[in-house]
Amino acid sequence: MAHSSFAPDAVAQHIVAWLQDYLAGSGLDGWVVGVSGGIDSAVTSTLCAMTGAPITCVEMPIHQAPDQVNRASEHMEALCARFPRVRRSTVSLTEVYDTFARALPDGPDESKGLAMANTRSRLRMTTLYALGQRARALVAGTGNKIEDFGVGFYTKYGDGGVDLSPIADLTKTEVFALAAHLGVIDAIQQASPTDGLWGDDRTDEDQLGATYPELEWAMSWEAAHAAFSDEACEAEEQGLPRRQQEVLATYRKHHRANKHKMVPIPVCIIPDEVRQASA
24 MAHSSFAPDA VAQHIVAWLQ DYLAGSGLDG WVVGVSGGID SAVTSTLCAM
74 TGAPITCVEM PIHQAPDQVN RASEHMEALC ARFPRVRRST VSLTEVYDTF
124 ARALPDGPDE SKGLAMANTR SRLRMTTLYA LGQRARALVA GTGNKIEDFG
174 VGFYTKYGDG GVDLSPIADL TKTEVFALAA HLGVIDAIQQ ASPTDGLWGD
224 DRTDEDQLGA TYPELEWAMS WEAAHAAFSD EACEAEEQGL PRRQQEVLAT
274 YRKHHRANKH KMVPIPVCII PDEVRQASA
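Note that my numbering has the sequence shown beginning at 24, numbered continuously upward.
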């Protein structure tokens with residue numbers, strides 16, 4: 024959650040300086056950011072633009088809701104007007120997505136549509152890296168703290184496939200506060216957060232079963248009780264209001280299910296006695 028003493032100006036300056044240092048050390052020339060019409064990509068692209076380096080903002084619609092397309096376009100237009108080194112690009116991936124879907128063999132979908140929803144994100148990642156490599160640019164991620172390290176609400180090798188994550192230490196509430204400070208367009212600040220992967224109007228809250236402030240509270244509660252015994256935690260939980268108990272359960276469910284996204288890829292280590300075993 025955004026603390027009452029959250030200082031958006033200092034935070035923005037810190038992130039911009041961090042981005043400038045990272046870019047200088049990389050030997051590359053600029054940034055590529057996927058722009059969705061949501062708050063996270065709007066803040067990330069604005070911060071990258073503030074570095075003064077060239078940035079390409081890329082909109083990649085796939086059967087996208089018109090309001091999302093309109094917000095993305097309006098944001099890119101506003102950013103181009105404010106920063107001279109911003110370039111906007113639209114790469115329609117609808118035909119690519121449809122062709123890919125038709126190429127897959129028929130069969131039951133145990134994921135209930137999630138596999139193809141995540142395919143949208145992975146096609147966008149591929150597009151950003153193609154454009155980034157052509158422009159000698161880094162792909163800047165748009166994930167925030169609660170999504171990346173709390174509930175794992177992102178696509179593995181999709182929007183999770185980036186070169187660096189400028190806002191991943193900010194909660195969603197802090198991202199909104201930073202957006203207001205940076206002058207992100209009202210249409211984006213007022214829109215309900217959505218991952219844009221389903222081609223309908225479902226929100227993040229619909230999918231997660233809790234609001235971001237609720238999930239941020241749960242993440243903080245878990246951190247504060249990390250050293251408690253199971254018995255002590257259970258006793259503390261029993262004293263919470265029913266809704267908070269429900270939110271904790273929801274948070275834990277998502278965290279457990281998506282933990283594999285937040286840790287290094289498992290490597291099978293071969294012991295010396297096995298590696299050097301005689302036949």
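Note that CB positions come from ideal geometry on N, CA and C, so glycine has one too. Small disclaimer: the values here were computed from a predicted structure and weren't measured.
Three-state class that DSSP yields for residue i in the structure shown
{"i": "residue 68", "result": "helix"}
{"i": "residue 133", "result": "coil"}
{"i": "residue 291", "result": "coil"}
{"i": "residue 112", "result": "strand"}
{"i": "residue 58", "result": "coil"}
{"i": "residue 161", "result": "strand"}
{"i": "residue 155", "result": "helix"}
{"i": "residue 53", "result": "strand"}
{"i": "residue 31", "result": "helix"}
{"i": "residue 146", "result": "helix"}
{"i": "residue 262", "result": "coil"}
{"i": "residue 300", "result": "coil"}
{"i": "residue 270", "result": "helix"}
{"i": "residue 127", "result": "coil"}
{"i": "residue 39", "result": "helix"}
Cα-Cα separation between residue i and residue j, rounded to whole angstroms
{"i": "residue 245", "j": "residue 128", "result": "43 Å"}
{"i": "residue 209", "j": "residue 289", "result": "43 Å"}
{"i": "residue 264", "j": "residue 270", "result": "10 Å"}
{"i": "residue 122", "j": "residue 293", "result": "41 Å"}
{"i": "residue 253", "j": "residue 202", "result": "39 Å"}
{"i": "residue 73", "j": "residue 32", "result": "12 Å"}
{"i": "residue 250", "j": "residue 266", "result": "24 Å"}
{"i": "residue 51", "j": "residue 167", "result": "24 Å"}
{"i": "residue 211", "j": "residue 87", "result": "16 Å"}
{"i": "residue 68", "j": "residue 225", "result": "24 Å"}
{"i": "residue 159", "j": "residue 268", "result": "48 Å"}
{"i": "residue 261", "j": "residue 169", "result": "24 Å"}
{"i": "residue 303", "j": "residue 117", "result": "Nothing can be reported for residue 303, as the shown portion of the chain is limited to 24 through 302."}
{"i": "residue 237", "j": "residue 275", "result": "13 Å"}
{"i": "residue 223", "j": "residue 93", "result": "15 Å"}
{"i": "residue 138", "j": "residue 126", "result": "14 Å"}
Neighbourhood of residue i by C-beta, 8 Å cutoff - its chain only, sequence neighbours within 5 removed
{"i": "residue 227", "result": "176, 215, 216, 217, 218 and 235"}
{"i": "residue 282", "result": "175"}
{"i": "residue 110", "result": "77, 78, 79, 80 and 103"}
Beta carbon of residue i nearer than 9 Å to that of residue j
{"i": "residue 163", "j": "residue 131", "result": "no"}
{"i": "residue 182", "j": "residue 196", "result": "no"}
{"i": "residue 284", "j": "residue 179", "result": "yes"}
{"i": "residue 184", "j": "residue 157", "result": "no"}
{"i": "residue 66", "j": "residue 198", "result": "yes"}
{"i": "residue 277", "j": "residue 173", "result": "yes"}
{"i": "residue 39", "j": "residue 99", "result": "no"}
{"i": "residue 232", "j": "residue 194", "result": "no"}
{"i": "residue 187", "j": "residue 42", "result": "yes"}
{"i": "residue 35", "j": "residue 205", "result": "yes"}
{"i": "residue 53", "j": "residue 108", "result": "yes"}
{"i": "residue 64", "j": "residue 101", "result": "no"}
Same chain only: Cβ atoms within 7 Å of residue i, ignoring 5 sequence neighbours per side
{"i": "residue 49", "result": "161"}
{"i": "residue 143", "result": "85, 120 and 220"}
{"i": "residue 152", "result": "162"}
{"i": "residue 114", "result": "81, 83 and 150"}
{"i": "residue 46", "result": "74, 76 and 161"}
Contact set for residue i: own chain, Cβ-Cβ below 6 Å, skip 5 residues either direction
{"i": "residue 171", "result": "191"}
{"i": "residue 147", "result": "57 and 83"}
{"i": "residue 140", "result": "220 and 221"}
{"i": "residue 155", "result": "55 and 162"}
Residue-level contact to chain B via CB, residue i, 9 Å cutoff
{"i": "residue 251", "result": "The structure shown contains no chain B, having only a single protein chain."}
Contiguous beta strand (DSSP E) assignments of at least 3 residues, all confined to the region 165-253
Here no run is fully enclosed.
Please go through the region 74-122 and give each complete alpha helix (DSSP H) segment of 4 or more residues, from N-terminal end onward.
For the region 74-122, whole alpha helix (DSSP H) runs of length 4 or above, ordered along the chain, are 89-105.
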